[in-house]
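Residue numbers (my numbering): 312 to 382.
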Amino acid sequence: MKPLTQLINDLSADPDLEAAYRKDARAVASRYGLDQEETDALVSGDIERIRKACGLKEIHLTNGTVRRHEG
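Okay, structure coming up:
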């Protein structure tokens, strides 16, 4: 699993991580080893950019938090 996909999974399951992400998204991305392109996509909030960076078919944005969907 790509680090960005793992981060998305973890954000959907860990409220403390979500709080840290809301405070400093780039710091959380760095902890997961995301490259600049992945980090920029995630921070942009652009769902299509995030989906492409993850390599997922679909992802959904819920309450400001990125959630993945495998379907």
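All C-beta atoms, glycine included, are put in the ideal place defined by N, C-alpha and C.
| Query | Result |
| --- | --- |
| Report all residues from its chain with a CB closer than 6 Å to the CB of asparagine 374; omit the five preceding and five following residues, and keep chain order. | Confidence is the limiting factor: at asparagine 374 the pLDDT is only 49, short of 50, which leaves the residue's position unreliable, though a coordinate-based value still follows. Correct list: empty, nothing qualifies. |
| Let me know if alanine 338 comes out buried or exposed under the rule of 16 or more other beta-carbons within 10 Å of its beta-carbon. | exposed |
| Three-state secondary structure (DSSP) at tyrosine 343? | coil |
| Compute the beta-carbon to beta-carbon distance between leucine 315 and glutamate 349, rounded to the nearest angstrom, for a pair I have assumed lies under 8 Å. | 5 Å |
| Near glycine 356, what residues of its chain come up, given a Cβ to Cβ distance below 7 Å and the 5 sequence neighbours on each side ignored? | none |
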